[in-house]
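Protein sequence lines correspond, in order, to chains A and B.
For the first sequence, the numbering used here gives the first residue as 25, with consecutive numbering after it.
For the second sequence, the numbering used here gives the first residue as 130, with consecutive numbering after it.
Where is the CB? At the ideal position from N, CA and C, for every residue including glycine.
Below you'll find the structure, written out as structure tokens, and then a few comments.
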Amino acid sequence: MRAGQADDGADGLRRFAAIWSRAIYPATATSMTRAEFEEYLVPLAQDLSDALRARPFDPRPAVGVGAALVAAHCTDPEALPRILGVIDAYLLLYCPPQNTVPADEARARCARLQHWTAAGFASALRERTLFEQEAISRAALAARTEAEQALYESEARFRAVFEGASIGIGIADMDGNILEVNDALTQMFGGSEQTVRSRNVNEWVHPDDGPGTWEMQDQVARGELDHYSIEKPYLRPDGTVLWTNLTVSLLRDSAGAPQYMLALMEDITEQRLMRERLRYEATHDALTGLANRTLFFERLEEALDPADGSGSGAARLGLCYLDLDGFKDVNDSLGHATGDLLLVAVAERLQACVTSPGQLVARIGGDEFVALIVDPADRSEVAALAELIHTALADPISVDGRDLSVRCSIGIVEGPAGALGPAEVLRSADITMYRAKAAGGNRSALADPDADARAITRHGLTNRLPTALERGEFFVEYQPLVRLSDGSVRGAEALVRWHHPVHGRLGPDHFIPLAESTGLIVPLGRWVLAQAAQQAHDWQLLHADGPPLRVNVNLSPSQLHHPALVRETVAALAEAGLEPSAICLEITESALIGADEELLRPLRQFAELGMDIALDDFGTGYSNLASLRQLPITTLKLDRSFTLGMQHQPVDPVDVKIVDGIVQLAHTLGLSVTVEGVETGLQAEHLRVLGCDTAQGWYYARPGPPDRLHALSLVDAGSA
Amino acid sequence: MVERPAWAPQGIDISVPSVSRIYDYYLGGSHNFEVDREAGRQAIEVFPGLPKIMQANRAFMRRAVRYAVDQGVTQFLDIGSGIPTFGNVHEVAQAASPGAHVVYVDHDPVAVAHSRAVLDGNDSAEILAADLRKPRDILGSEPVGRLLDLGRPVALLLIAVLHFLEEADEPRKAVAELRDALAPGSLLILTHASVDGGPRRPEQGDRVEGVYRNIGSPLIMRSRAEVEGFFDGFEMVDPGLGPMPLWRPDPADGGDAEADPVIYTGFAGVGRKA
């Protein structure tokens with residue numbers, strides 16, 4: 025029975041809990057499931073049930089029930105009537121206290137249990153609310169403390185940056201009153217913070233302030249410009265100038281309103297001095313202190329720039345290009361130190377000649393000076409300056425106790441700006457100066473377009489020549505050499521030509537002297553030899569049955585000085601597969617006048633290798649006939665001048681006699697004779713009779729491409 | 130304006146309502162101040178169902194966390210965790226799997242301070258002050274490095290937080306960046322406010338959005354398609370994206386006869402990284 029009662033009791037308790045759960049669950053924020061929540065309520069129902077029947081009756085366990093419900097997150101006030109309503113309606117029904125408690129008493133007990141449940145609920149809710157409020161307040165406080173600490177650290181960092189920065193930092197209000205400056209800025213201004221802070225930003229005007237400085241500052245102060253960067257000078261209290269790289273920024277508050285102006289400045293005083301010194305050094309000649317080539321060209325370009333409102337361009341300009349006559353002799357005879365002193369003295373006198381701001385004297389080369397006149401009144405002003413310079417240099421210059429006379433040549437250019445570029449102007453002046461020099465020196469010459477044009481051609485070739493070989497602009501033509509005894513083609517002379525992109529086909533007269541003076545003759549000569557050797561080889565293949573064709577190649581004096589000449593020549597022959605005897609090297613008579621053994625050594629080596637060596641232009645160089653037998657030559661090549669008199673009837677008997685004598689002499693010495701410039705059959709016949717061995721000239725063929733020679737020799741073979 | 134440098138602290142202003150304390154208020158908690166309650170009351174006034182939605186949110190979270198543990202995932206990264214009140218991820222997870230590791234992330238300094246107090250003494254759970262907008266700060270943090278093994282699956286919880294990210298915050302990029310750092314088998318557990326579905330009328334959504342906009346934390350309602358977009362690179366776990374109560378309901382929750390239909394508002398879903 026008791027067991028049954030107990031079962032009934034447990035069953036009733038569960039039923040009560042189920043009803044209770046159904047009523048409360050929707051009003052709770054618990055994270056329990058419904059089933060879990062119901063389970064959670066069972067012990068609470070048990071507590072109420074126990075209290076209901078307890079003797080003596082004590083309602084206080086109900087306090088714990090209320091608290092437990094709060095603990096289960098039944099914190100919504102709406103939950104309380106649900107909690108109490110179910111106790112009121114169902115506790116006695118499902119958990120009756122049996123007969124030990126009268127019905128009235130049971131009702132009263134149930135009511136009191138509700139009172140204490142409510143009390144427990146309220147008390148726990150209050151505790152919980154206070155606890156949570158305190159917890160969140162503590163969290164807020166902790167967060168705030170943390171943030172303040174972070175802010176403090178951040179400010180400390182900023183302060184350290186501000187104080188420790190090597191860059192000057194200053195903050196001013198929007199009226200320009202300086203609020204704070206850092207140590208670096210104070211030091212820049214001489215070390216007194218008070219001096220700096222007592223000033224208003226707007227007082228720091230300096231005469232060298234760049235254009236627009238204060239307009240930008242005003243814009244920042246009005247909030248129209250957010251920042252600007254400039255180079256700005258400041259006057260220090262001690263009167264010296266501080267140059268700074270200044271950046272001014274506008275600081276706005278969170279609403280965007282201008283609040284402060286921030287200045288960051290870097291001391292560039294030293295840098296600026298250095299820069300100015302470097303600029304000076306870059307634009308002035310270290311020896312004489314005159315403007316150098318760089319500065320001269322800057323000024324010249326400025327002057328030549330069309331006047332477009334910037335005001336720098338000039339309408340006309342004048343130039344005196346000056347070169348000392350014979351300065352090299354001074355250097356050579358008295359030494360460079362004396363030469364330098366002379367240049368310094370000349371520079372001083374030249375400097376004294378120019379007085380107006382529109383004039384500039386520059387040293388642009390060793391002993392080359394130039395005076396520039398921007399906007400001269402007329403041509404005579406430039407000529408007058410040249411005259412002044414001649415006068416200024418007329419008095420001897422005393423150097424190291426010697427009185428040195430100075431002579432100079434001046435090229436004068438004067439004309440409208442904008443017609444020529446700077447390089448052309450200078451070249452024109454240069455050419456004109458050479459004209460003055462060529463006319464005897466110590467004088468001035470005025471630029472003349474026609475004279476310029478002639479000289480410029482030479483200039484043009486000079487400029488083009490160094491790259492012409494790489495560009496493949498040279499080619500070789502061949503002029504046949506004919507044996508006079510039978511008219512057969514013996515070989516040909518290789519003659520180099522230049523196919524100039526502008527001037528067209530140029531003969532060696534136009535560029536060989538240039539090549540000699542520039543040193544290009546060595547690679548050019550090497551190239552010609554290689555071409556000729558290859559060609560000779562090709563001919564040999566074509567004429568395998570006949571006598572071998574030979575090729576004559578000119579050798580310039582400069583080539584003779586080239587140490588690798590023999591080695592390179594041998595290599596070129598080997599490359600072409602040609603035996604040395606198929607080559608005849610021609611060297612001009614004048615090149616060998618007074619030649620020493622050193623110079624003759626390569627020729628002897630060539631001779632030993634079996635090459636023929638011809639003395640070219642024989643008879644024009646006053647050669648010592650006695651020395652002929654010492655030279656390693658095999659052939660005399662008679663200059664055309666000796667045979668001109670034989671071209672037409674009547675033949676000049678003197679020419680005949682001279683040629684006869686030379687041929688006798690040559691044959692006596694074992695040399696063969698070749699005659700150049702044969703233009704008529706009459707001439708050829710006379711020379712044959714006189715015993716000359718070979719001839720070349722227009723009578724046989726002009727120089728031409730190698731296949732022409734082939735055709736010629738075939739014709740010859742046919743006619744023979 | 131120049132951007133505030135990372136090391137310059139954000140101020141604490143408790144006169145400004147905080148979404149995490151308002152959330153606590155919806156749930157009947159007292160971890161809030163009058164400004165929060167005032168904002169909460171305004172929101173409830175225009176949309177009385179809010180507390181129910183929050184409860185449904187937490188019930189979903191509880192089921193999803195248990196699901197994760199069932200799947201063998203015992204590492205949790207809960208971003209936008211807010212004020213820990215009760216039934217939090219670590220309680221649910223650690224009840225189901227005592228060794229579960231949880232890293233909470235929030236950018237509200239008060240929520241962070243409170244979380245720190247609540248988690249004091251729990252070696253397996255930690256709070257990190259960081260922002261969902263900067264996933265790299267989260268992934269590279271010390272607590273994540275210490276508590277989470279990114280070589281194994283992690284459950285990433287983004288419960289009621291993505292709707293506080295505006296398009297300019299590039300929420301999809303943030304989620305993708307987190308996804309890329311997670312191992313295959315990781316889970317994305319997500320809820321998001323929406324005017325699609327549920328009984329809420331669009332204008333109510335507008336008014337709730339208005340309340341949040343006024344407190345400086347705009348609430349962005351997104352469409353189903355937009356919310357689905359967050360699951361790029363994840364395979365949806367059954368039953369897919371849908372109302373919170375329909376996501377694997379717990380039989381222990383009993384019938385939902387009394388349930389307020391308002392809880393069908395918004396979207397909940399779980400995705401598994403392939």
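For the pair LEU538 of chain A and PRO581 of chain A, the Cα-to-Cα distance works out to about 13 angstroms. In the three-state DSSP reduction, ILE349 of chain B falls in the coil class, being neither helix nor strand.
In this structure ALA96 of chain A does not touch THR57 of chain A by the C-beta definition: roughly 12 angstroms separates them, more than the 8 angstroms allowed. Here GLN503 of chain A is bridged, per DSSP, to A:GLU517. Residue pairing by DSSP puts ASP427 of chain A in a beta bridge opposite A:SER422.
Taking the Cβ atoms as the reference, VAL324 of chain B lies roughly 17 angstroms from PHE359 of chain B, outside the contact range of under 8 angstroms. For the pair THR415 of chain A and ILE436 of chain A, the CB atoms are not nearer than the 9 angstroms cut-off.
According to the DSSP assignment, ILE151 of chain B belongs to no beta strand (DSSP E) but to the alpha helix (DSSP H) extending over 148-155. Residues of chain B with a Cβ closer than 7 angstroms to the Cβ of GLN157 of chain A are, in chain order, SER159. Rounded to the nearest angstrom, the gap between the Cα atoms of LYS256 of chain A and GLY389 of chain A is 38 angstroms. Residue pairing by DSSP places HIS561 of chain A in no beta bridge whatsoever. Straight across, the Cα-Cα distance linking GLU540 of chain A with TRP722 of chain A is about 27 angstroms. C-alpha of GLU239 of chain A to C-alpha of ASN316 of chain A: approximately 38 angstroms in a straight line. Contact between PRO261 of chain A and THR219 of chain A holds: CB atoms are separated by about 5 angstroms, below the 8 angstroms threshold. Beta-bridge pairing by DSSP links ASN201 of chain A to A:ASN224. The C-beta of ILE160 of chain A comes closer than 9 angstroms to at least one C-beta of chain B.
In this structure, DSSP gives GLN70 of chain A a helical state, which the three-state scheme calls helix. Nearest to ASN186 of chain B by alpha-carbon distance, out of B:ALA310, B:LEU286, B:ARG353, B:GLU295, is B:LEU286. Residues of the region 339-373 of chain B with a C-beta atom less than 7 angstroms from some C-beta of chain A do not occur. Against chain B, a Cβ distance below 7 angstroms from ALA163 of chain A picks out VAL239, ALA242, HIS243, ALA246. When the beta-carbon positions are compared, TYR258 of chain A and LEU266 of chain A come within less than 9 angstroms of each other. Nearest Cα to MET373 of chain B within the set B:LEU319, B:SER147, B:VAL164: B:LEU319. With fewer than 16 other Cβ atoms inside 10 Å of its own Cβ, ASP232 of chain A counts as exposed. Counting along the chain, no alpha helix (DSSP H) covers GLU295 of chain B, and no H or E run does either. Contact annotation: in the region 40-64 of chain A, residues whose CB is within less than 7 angstroms of a CB in chain B are PRO50, ALA53, SER55, THR57, ARG58, ALA59, GLU60. Residue contact with chain B for ARG152 of chain A: present (Cβ-Cβ distance below 9 angstroms to some residue of chain B). Under the 10 Å beta carbon count, MET289 of chain A is surrounded by 16 or more other beta carbons and is classified as buried. Identification of chain A residues near PHE215 of chain B by a Cβ-Cβ cut-off of 7 angstroms yields SER55, HIS97, ordered along the chain. Contact of LEU156 of chain B with chain A is assigned, a C-beta pair being separated by under 9 angstroms. At a Cβ-Cβ threshold of 9 angstroms, LEU733 of chain A and GLY701 of chain A do not count as neighbours. For the pair VAL406 of chain A and ARG387 of chain A, the Cα-to-Cα distance works out to about 18 angstroms.
Under the DSSP assignment, ALA441 of chain A falls outside any beta strand (DSSP E); it carries neither an H nor an E label. Out of A:TYR118, A:SER429, A:ILE434, A:THR658, the CA that lies nearest to the CA of PHE642 of chain A is found in A:THR658. Taking C-alpha positions only, ALA75 of chain A is separated from THR124 of chain A by approximately 13 angstroms.
Around ARG191 of chain B, the same chain offers GLY216, VAL221 as residues with beta carbons nearer than 8 angstroms, after the five sequence neighbours per side are excluded.
For a Cβ distance threshold of 8 angstroms, nothing in chain A lies close to ASP235 of chain B: the least Cβ distance comes to about 11 angstroms.
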